[in-house]
């Protein structure tokens, strides 16, 4: 008999494949709050003080600063037969004491609502996601090089059982993407999808999929229409899940240019006694306003309470989604995007030691602009539970970016190291401290190089 967890993952993957053709719309296959989580909400107040000896990340004229942040985290979960609602938001204020950077107020996080009939033939989907992202990857990740992106997605789903082994699924989505500063990339997308699936047996399915998208930008010359048609095969075994999809994608732009190319996506998840492996590959046509943070493959989980779309590092883990090739929001163009990812998470019951590894390669080939990039990233997160209420962690990240079409820049190499601990006082109060070091080297330009040392003291108090 199939493992129930993988059967659930299979069903989620089957239902989401229609929107896989529009990677900006879908969330990760493994997205979502844990099903074991209890309904209800929580409120957390937090504050931290961070010291850095190079706040502007320059090679010379370093500025030290004490960065003070305080705010509130709000989370909510409700799961019934008809309603699934979840939210995780953070509102924070950040002040820079000694540098010229202005104080910042950010709202980041995600919420999702699904209302469905019983049986689940008809449902309505709504999702909001907001995050701060780096605008220009040619420059360092500093406060003056970030923008706030807000995405709202909504629309109906219809699932019709044609026969005991055949299902027809229809889906429509309206997607609004807005930026606080980079308004030229604001967009509205209307997408329709159809999927006809056939069960080969109790473990494997095959499906025909098609979609149509109408995308309007703030700058009309960037508007385009996108059609896709393809085939998908998915299946679940006792300890693994796979999904393969391939097809053709044609894109017609308002300026008269047409693009026609194949797409391919593959996902393999394997559970072992000591951990989980995840392998993924995607090749597709998209545009630079979407970025990767809303991509199906490799997305950070916006409903994870310790790490995710908020970009906050509440559990010590480093995350490479924000810098591994996410959309360069200062420009807009059609992109041929190729992404490969491999990850491993160690899961040993009653073990004091935890580990996760992640390697990602990303290539962005712009259709018109000379802005092609290739990046290779790796993250390793380790932790050791010294006591029930004391966890030490060590996080390492490496990222190499090749600016293929930007003469004279060549390659950047960024390395980050973080060492620290979490100490829980009762069930409500957490105290965290870390020291961190970041460095960037460049192939040709010494002025792009920098190193920065810092430390952070973090306090969090939670009510449930």
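In mature numbering (1 follows the signal peptide of the UniProt record, and there is no 0), the protein residues as written are -21 to -1, 1 to 443. Glycine included, every Cβ here is placed at the ideal spot set by N, Cα and C. Nothing here was measured: the structure is a model prediction, and the numbers come from that model.
In this structure, how does DSSP classify residue 72 when only helix, strand and coil are distinguished? strand
Give me the residue from 260, 99, 88, 219 with the minimum Cα distance to residue 129. 88
Close Cβ partners of residue 402 (< 6 Å) along its chain, the five nearest in sequence each way excluded: So the qualifying residues of the chain are 369, 410.
* Could you check the C-alpha separation between residue 418 and residue 376 for me, to the nearest Å? => Cα atoms of residue 418 and residue 376: separation of roughly 11 Å, rounded to the nearest angstrom.
Quiz prompt | Per-residue DSSP class, three states only, for residue 439 | solution = strand
(Q) What ranges does the beta strand (DSSP E) occupy inside the stretch 208 to 248, keeping only unbroken runs of at least 3 residues that lie completely in it? (A) 219 to 232
message: In whole angstroms, give me the CA-to-CA distance for residue 153 and residue 203.
response: One C-alpha to the other measures close to 15 Å.
Which residue comes first and which comes last in the beta strand (DSSP E) that contains residue 380?
-> 369 to 382
task = Look at the alpha carbon of residue 43 and the alpha carbon of residue 28, and state the distance between them as a whole number of angstroms.
result = The alpha-carbon atoms of residue 43 and residue 28 are separated by roughly 13 Å.
Practice problem: Locate the beta strand (DSSP E) running through residue 343, then write down its first and last residues. | Solution: Counting along the chain, the beta strand (DSSP E) containing residue 343 begins and ends at 332 to 345.
Quick one: grab the DSSP three-state call for residue 427. helix
**Request:** Could you tell me whether the stretch 56 to 65 touches the stretch 33 to 48, using the rule of 3 or more Cβ pairs below 8 Å?
**Result:** By the Cβ rule, the stretch 56 to 65 does not count as touching the stretch 33 to 48, because fewer than three pairs are nearer than 8 Å.
- prompt: What span of residues does the beta strand (DSSP E) with residue 320 cover, start to end?
  reply: 313 to 325
Reducing DSSP to helix, strand and coil, say where residue 26 ends up.
strand
- Message: Using only the alpha-carbon positions, how far apart do residue 30 and residue 107 sit?
- Response: 33 Å
- Hey, how far is the Cα of residue 219 from the Cα of residue 212? Inter-residue distance for residue 219 and residue 212 is about 14 Å (C-alpha atoms, whole angstroms).
query = If we count Cβ pairs, one from each stretch, closer than 8 Å, do we get three or more for the stretch 319 to 335 versus the stretch 240 to 256?
reply = yes
| query | Where does residue 65 land, buried or exposed, given buried means 16+ other C-beta within 10 angstroms? | reply | buried
Notebook entry, point to check: So, residue 137 versus residue 92, is the Cβ gap smaller than 9 Å?
Noted result: no
- Determine the DSSP secondary structure at residue 47, reduced to helix, strand or coil. strand
Which residues in the same chain have their Cβ closer than 6 Å to the Cβ of residue 355, if we skip the five residues on either side of it in sequence? 340, 379
Leaving out five residues before and five after residue 389 in sequence, what residues of the same chain have Cβ atoms less than 6 Å from its Cβ? Sequence-distant partners of residue 389 (beyond 5 residues in either direction) whose C-beta falls short of 6 Å from its own C-beta, in its chain, are 422, 423.
query = What do you get for residue 156, buried or exposed, if any count of 16 or more other CB atoms within 10 angstroms of its CB means buried?
reply = Sixteen is the threshold: when 16 or more other Cβ atoms of the shown chains lie within 10 Å of the Cβ of residue 156, as they do, the residue is buried.
Using C-beta distances below 6 Å, list every residue in its chain close to residue 133, excluding the 5 sequence neighbours before and after it, in chain order. Same-chain partners within the cutoff: 105, 153.
How far does the beta strand (DSSP E) with residue 186 in it extend, from its first residue to its last?
183 to 196
Write down the C-beta distance between residue 47 and residue 74 rounded to the nearest angstrom, noting that I regard them as a contact closer than 8 Å. 5 Å
Could you give the distance in angstroms between the alpha-carbon of residue 72 and the alpha-carbon of residue 86?
9 Å
Given residue 314 as reference, the closest of 232, 374, 80, 250 once Cα atoms are compared | Nearest of 232, 374, 80, 250 to residue 314, Cα basis: 232.
- Task: Give a yes or no on whether the C-beta atoms belonging to residue 225 and residue 214 are separated by under 9 Å.
- Result: no
#### Entry: DSSP three-state assignment for residue 281, whether helix, strand or coil
Only weak support is given to the placement of residue 281: the predicted model assigns it a pLDDT of 40, under 50, and the question is left unresolved by the model.
**Message:** Classify residue 22: buried if its beta carbon has 16 or more other beta carbons within 10 angstroms, exposed otherwise.
**Reply:** exposed
* Going by other Cβ atoms of all chains shown within 10 Å of its Cβ, with 16 needed for buried, is residue 119 buried or exposed? -> A residue is called buried when at least 16 other Cβ atoms come within 10 angstroms of its Cβ; residue 119 meets this threshold and is buried.
*Pick helix, strand or coil for residue 266, following the three-state DSSP scheme.*
In this structure, residue 266 counts as strand in the three-state DSSP scheme.
Legend entry - N-terminal and C-terminal residue of the beta strand (DSSP E) that residue 408 is part of: 408 to 421
Thinking just about the alpha-carbon of each residue, which of 321, 160, 79, 384 is nearest to the one in residue 249? 321
- Item | Close beta carbons around residue 414, own chain, < 6 Å, minus the five adjacent residues each side | So the qualifying residues of the chain are 398, 434.
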